[in-house]
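For reference, the structure is listed below as structure tokens.
Right, here's the structure in full:
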């Protein structure tokens, strides 16, 4: 009788440990999903405004925590709420940051007196020159953004700056489809802005 009772207690202890382990694992997995959802989000590209860097119908991952400890930088590709309609998301490249002086003349973009040589735009664009943008100083907590497909992009030239609070995050990579023209990672464009000083 005593032996049967001991076996029963051992069996109950094993069952308890198994149930506890399953609950802990479930909570852990839910926590991981929550953290991933808070830190990374996927977006679908709808339109050609960022070609040739990003293409229509691609899917991207966006780091929503990228700007918690650092400020957005020139050259970053961001997803943001369109200032004229916050229900709509746009994807553009940051060209100028708060305090910068920016202008667009013909096909030339000038930031703080430095002409940008931008390898990420389409050099064979038949629609040049671009929509001009007279020299202006970027206000605090605002960013001047342009699409890489300058002739086919609604951006800061048309509707103004992007407030910091509208920025959702920084584009990390393309995750679908991955092909010969796009291996997922985005090209490093830091050299384009290396000589631009505030």
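Numbering (the UniProt record's numbering), first residue to last: 1 to 198. Just so you know, even glycine gets a beta-carbon here, dropped at the ideal spot from N, CA and C.
Runs of 3 residues minimum, wholly inside the UniProt domain "Peptidase S26" (22-176): which ones carry the beta strand (DSSP E) assignment? 40-44, 59-63, 77-82, 85-96, 101-105, 108-111, 133-137, 142-146 and 167-176
Out of 69, 51, 44 and 68, state which residue places its alpha-carbon closest to the alpha-carbon of residue 58. The residue labelled residue 58 in the question sits at position 58 within the chain shown. Selected option, being the one with the closest Cα: 44.
Quick check: the segment 165-175 against the segment 114-121, are there 3 or more CB pairs under 8 Å? no
Closest Cα partner of residue 93 within the set 198, 192 and 197: Position 93 of the chain shown holds residue 93. For residue 93, the nearest C-alpha among the options comes from 192.
Local conformation of residue 185 per DSSP, three classes: For the purposes of this step, residue 185 is taken as residue 185 along the chain shown, with counting starting at 1. If DSSP states are grouped into helix, strand and coil, residue 185 belongs with the strands.
For residue 4, which of helix, strand or coil comes out of DSSP? Translated into positions along the chain shown, residue 4 becomes position 4. In this structure, residue 4 counts as helix in the three-state DSSP scheme.
Check whether the segment 20-34 and the segment 73-84 are in contact - that is, three or more C-beta pairs closer than 8 Å. no
Close-in-space but distant-in-sequence residues of the same chain around residue 41 (CB under 6 Å, 5 per side omitted): Mapped onto the chain shown, residue 41 falls at position 41. Contacts found: 62 and 64.
Closest to residue 141 by CA distance: which of 162, 116 and 151 is it? Start at 1 with the first residue of the chain shown, and residue 141 comes out as number 141. It is 162.
What three-state label does DSSP hand residue 12 in the structure shown? Counted from its first residue, the chain shown places residue 12 at position 12. It is helical.
How about residue 115 and residue 107: are their beta carbons less than 8 Å apart? Translated into the one-based positions of the chain shown, residue 115 becomes position 115. Translated into the one-based positions of the chain shown, residue 107 becomes position 107. The answer is no: Cβ separation not under 8 Å.
Within 8 Å, strictly: CB atoms of residue 167 and residue 82: If you number the chain shown from 1, residue 167 lands on position 167. If you number the chain shown from 1, residue 82 lands on position 82. Cβ atoms of residue 167 and residue 82: not closer than 8 Å.
Sort 99, 132 and 150 by Cα distance to residue 143 and report the nearest one. Here residue 143 refers to the residue found at position 143 when the chain shown is read from its first residue. Comparing Cα-Cα distances from residue 143 to each of 99, 132 and 150, the minimum goes to 99.
Among 113, 15 and 149, nearest to residue 229 - alpha-carbon criterion: Residue numbering for the chain in the displayed model covers 1 to 198; residue 229 lies beyond these limits and cannot be assessed.
Closest Cα partner of residue 78 within the set 26, 90, 11 and 97: One-based indexing of the chain shown puts residue 78 at position 78. Comparing Cα-Cα distances from residue 78 to each of 26, 90, 11 and 97, the minimum goes to 90.
From the DSSP output, in three-state form, read off residue 196 for me. Here residue 196 refers to the residue found at position 196 of the chain shown. Of the three classes helix, strand and coil, the one that applies to residue 196 here is coil, per DSSP.
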